[in-house]
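Count the sequence shown with the working numbering and you get residues 74 to 249, in order.
Heads up, the beta-carbon is just placed ideally off N, CA and C, and yes, glycines get one too.
Keep in mind that this is a model prediction, so the values were computed, not measured.
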Amino acid sequence: MAQQETQEGVDQIIDEVPPRRGVSRGFLLTLLLIAGLAVGGYFAFLNFIQPQMEAKKQGQELQVPGSKFADKEPGEMGVMYPMEPFLINLARSNGKQFLKVSLTLELSSPEVRPEVKANEFKIVDSILLLLSSKTREDVISLQGKFKLKDEIATRVNRFLVMGHVKDVYFSEFIVQ
């Protein structure tokens with residue numbers, strides 16, 4: 074009986090103690106996450122977005138350090154030769170994935186243009202064979218795109234005698 078009275082006394086004390094009204098861990102973690110996102114957003118704005126906005130206001134284009142475009146003046150671009158878009162099925166996709174690429178060739182001199190025009194069928198065939206040998210994994214990454222540009226330039230240069238392709242520029246690159 075004494076044990077029963079003790080138990081009733083403990084139950085009565087527990088009922089009288091007000092529930093804890095502290096800040097929950099979930100609420101603190103949420104606040105911490107929001108603060109971290111705000112700091113990260115502010116950092117990204119200061120380092121990436123604001124310099125682009127300032128360059129745009131001044132009418133300049135933002136140059137990426139180490140880029141091959143940073144060293145070229147606007148008049149230094151070579152002769153451009155746009156190609157028709159290429160639409161091919163990617164390798165090992167059973168016709169379910171395709172690649173659409175529009176590209177422009179930068180030629181070393183104006184004298185190379187007639188040579189490219191004369192060999193255009195051979196050049197297109199060579200580029201089509203190259204593109205159709207690629208898988209989605211080969212072309213989806215940035216490194217894969219740079220490698221593809223180099224391979225295209227190398228293939229086109231095989232057909233040129235009077236000059237060469239300095240660079241290849243993608244104006245459209247769609248992998249589906």
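1. Taking a contact to mean a Cβ-Cβ separation below 8 Å, would you say residue 174 touches residue 233 in this structure?
2. With DSSP as the reference, please indicate the residues paired to residue 242 in a beta bridge.
3. Would you mind working out which of 188, 218 and 107 sits nearest residue 244, comparing C-alpha positions?
4. Within 10 angstroms of the Cβ of residue 172, are there 16 or more other Cβ atoms? Answer buried if so, exposed if not.
5. Going by DSSP in three states, residue 126 sits in which element: helix, strand or coil?
6. Confirm, please, whether the CB-CB distance from residue 231 to residue 203 is below 8 Å.
7. Helix, strand or coil: which one does DSSP assign to residue 100?
8. Would you be able to state if there are at least three C-beta pairs under 8 Å between the region 151-163 and the region 199-214?
9. So if DSSP puts residue 155 in a beta bridge, which residue, or which two residues, is it bridged to?
10. Only counting the same chain, and skipping five residues up and downstream in sequence, which positions put a Cβ closer than 6 Å to that of residue 188?
11. Report the three-state DSSP secondary structure of residue 118 (helix, strand or coil).
12. How long is the line joining the alpha carbons of residue 150 and residue 223, rounded to whole angstroms?
13. On the criterion of 16 or more Cβ atoms from any shown chain inside 10 Å, does residue 221 qualify as buried, or is it exposed?
14. With DSSP as the reference, identify every bridge partner of residue 171, one or two as the case may be.
15. Note down, in chain order, each residue of its chain lying with its Cβ closer than 6 Å to the Cβ of residue 170, except the 5 sequence neighbours on either side.
16. From residue 211 to residue 158, what distance separates their C-alpha atoms?
17. Taking the beta carbon of residue 138 as the centre, do at least 16 other beta carbons fall within 10 Å, making it buried, or is it exposed?
18. Going by the beta-carbon positions, is the gap between residue 240 and residue 179 smaller than 8 Å?
Short version:
1. no
2. 177
3. 218
4. buried
5. helix
6. no
7. helix
8. yes
9. 177
10. 233 and 235
11. helix
12. 18 Å
13. buried
14. 162
15. 163 and 209
16. 19 Å
17. Residue placement at residue 138 cannot be trusted, given a pLDDT of 48 that sits under 50; what the coordinates show is reported in the next sentence. Exposed, by the Cβ-count rule.
18. yes
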